[in-house]
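J.:
Numbering (the working numbering), first residue to last: 475 to 872.
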């Protein structure tokens, strides 16, 4: 089309020759032709245009300069905060084509589950700093909230490790929901919160197997037992070394949850339920590329269930999902849910399923998109039923 348009324009310009009078805007006469007088050039105007263009280019380029660099020349406010990072809505993409299943009958779904992301920039530009001041979708926050005490590369490695674990948990949770026996034997963890109730008492080599004598085999059983405890009181946690299987009792003072949740807080993170080796007879692979973090776990689990069962779990719709998933079907909290809601809405999702405690934050950015809060995989399935999904008699294909 572009070539055709160019040819046509050239042909027209040749067929209608422009007279000097036409160029000057004068009216042709029958008298002698008077040579057109050349207009005087205005060097000052040309210099002014170049100056204006230079200013525009410099201003545009300055918006891409790291804010901390400009801040070394113009000190003040968050503009010069070398410890700042900016987060903004990322994208929402389909999980379906990222899942590859072999060893069982599969049913390709027509609808889609979308997993959502938040974009993080550790080197804040002036443009991003301005956006954080005027655009509620951009958030400037301390760098330590993103990295903790890790370097950017260490944080990247950690996020990829969390994603790999999330995929394993998602596969196990999906198969467990569909009736594959999964035997959990305790709750492990990869983080002990500094200055928390168990800091200096438990290590990441420990697996929690009891609380005040009550057996703990899963994250849900640990949550249930801690909910019954009162912050400030003393209790006993029984742990087992993951390698030697040696057990010991640890006396601790129950802490108060920093987010105000009910019950006691012990200060562990990145839960790793201990399960016996499974012989599933099924191979599930999830391609996540360079995306890190654990927040797509629930979306993975629902997609696997959709592939392995008849019917349309989504009701032939695009449904965005965020939330960690743990063996046993417990849904865990994630970050940036408001920005993820923006990404989900932009991708055309009709609904957004989020952890129960984050519903308000998601709805604040969801517009007309419906938002469902869930605490378990069962609740997520029920939400899909409300959206018109096929949730009855979910069974593995033979």
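Idealized CB from N, CA, C, for every residue including glycine.
Computed from a predicted model, the values in this text were never measured in an experiment.
(1) Whose C-beta lies closer than 8 Å to the C-beta of residue 809 among residues of the same chain, with five residues either side of it excluded?
(2) Which residues in the same chain as residue 621 place their Cβ atom closer than 6 Å to its Cβ, once the five residues preceding and following it in sequence are excluded?
(3) By the three-class DSSP mapping on this structure, what secondary structure does residue 863 have?
(4) Applying the 10 Å Cβ sphere with the 16-neighbour rule, what's the burial state of residue 668?
(5) Report buried or exposed for residue 859, applying the criterion of at least 16 other Cβ atoms within 10 angstroms of its Cβ.
(6) Keeping to the same chain, check which residues put their C-beta closer than 8 Å to that of residue 641; ignore five residues upstream and five downstream.
(7) Return the residue from the list 631, 734, 843, 658 that minimises the CA-CA distance to residue 682.
(8) Can you tell which of 737, 687, 747 has its C-alpha closest to the C-alpha of residue 724?
(9) Less than 7 Å between C-beta atoms, sequence neighbours within five positions excluded: which residues of the same chain meet that for residue 730?
(10) With DSSP as the reference, label residue 873 as helix, strand or coil.
(11) What is the C-beta distance between residue 602 and residue 560, in whole angstroms, given that I count them as a contact (C-beta under 8 Å)?
(12) Please state whether the Cβ-Cβ distance between residue 596 and residue 617 is less than 8 Å.
(13) If we count the other Cβ atoms within 10 Å of its Cβ and call it buried at 16 or more, is residue 819 buried or exposed?
(14) Pick from 828, 794, 566: whose alpha carbon is nearest that of residue 804?
(15) How close, in whole Å, do the beta carbons of residue 778 and residue 758 come, if the pair is a contact with beta carbons under 8 Å?
(16) Going by DSSP in three states, residue 645 sits in which element: helix, strand or coil?
(17) In its own chain, which residues sit with a C-beta less than 6 Å from the C-beta of residue 488, not counting the 5 before and 5 after it?
(18) Please list the terminal residues of the continuous beta strand (DSSP E) segment that includes residue 561.
(19) Kindly provide the ranges of any beta strand (DSSP E) runs that are 3 or more residues long and lie completely inside the region 731-803, ordered along the chain.
(20) Pull up the distance between the alpha-carbon of residue 767 and that of residue 708, whole angstroms please.
(21) With three or more beta-carbon pairs closer than 8 Å as the criterion, would you say the region 831-841 touches the region 855-869?
(22) What separation, rounded to the nearest whole angstrom, lies between the Cα atoms of residue 713 and residue 792?
(23) Here's a check: name, in chain order, each residue in its chain whose Cβ is nearer than 6 Å to the Cβ of residue 665, leaving out the five neighbours to either side.
(24) Does the distance from the C-beta atom of residue 817 to that of residue 564 stay below 8 Å?
(25) With a Cβ-Cβ cutoff of 8 Å, do residue 693 and residue 747 count as a contact?
(26) Among 831, 826, 573, whose alpha-carbon lies nearest the alpha-carbon of residue 734?
(27) Between which two residues does the beta strand (DSSP E) containing residue 662 stretch?
T.: On the basis of the supplied data:
(1) Around residue 809: 592, 769.
(2) Only residues of its own chain outside the window of five on either side were considered, and among them 629 have a CB closer than 6 Å to the CB of residue 621, listed in chain order.
(3) Coil at residue 863, not helix or strand.
(4) Around the beta-carbon of residue 668, fewer than 16 other beta-carbon atoms lie within 10 Å, marking it exposed.
(5) When all chains shown are included, residue 859 counts as exposed.
(6) Cβ neighbours of residue 641 beyond the five flanking positions: 760, 762, 771, 774.
(7) When only C-alpha atoms are compared, the closest one is 658.
(8) Cα-wise, what sits closest to residue 724 is 687.
(9) Taken in chain order, the residues that qualify are 705, 739.
(10) Missing from the structure shown is residue 873; the chain here goes from 475 to 872 and no further.
(11) The pair is a contact, with the Cβ atoms about 5 Å apart (cut-off 8 Å).
(12) Result yes, Cβ atoms of residue 596 and residue 617 sit closer than 8 Å.
(13) So residue 819 counts as buried.
(14) Nearest C-alpha to residue 804: 828.
(15) About 6 Å; that satisfies the 8 Å criterion.
(16) Reduced to three states, the DSSP call for residue 645 is helix.
(17) With a pLDDT of only 35 at residue 488, under the threshold of 50, the placement of this residue in the model should not be trusted, and no figure is reported.
(18) 558-568 is the extent of the beta strand (DSSP E) around residue 561.
(19) Listed in chain order, the beta strand (DSSP E) elements of length 3 or more contained wholly in the region 731-803 are 742-749, 757-760, 792-795.
(20) Rounded to whole angstroms, the separation of the alpha carbons of residue 708 and residue 767 is 34 Å.
(21) At 8 Å Cβ cutoff, the stretches do not touch.
(22) Roughly 43 Å separates the two Cα atoms.
(23) The residues are 743, 744.
(24) Yes. Within cutoff.
(25) Yes, these two residues count as a Cβ contact at 8 Å.
(26) Comparing Cα positions, the closest option is 831.
(27) Residue 662: member of the beta strand (DSSP E) spanning 658-666, first to last residue.
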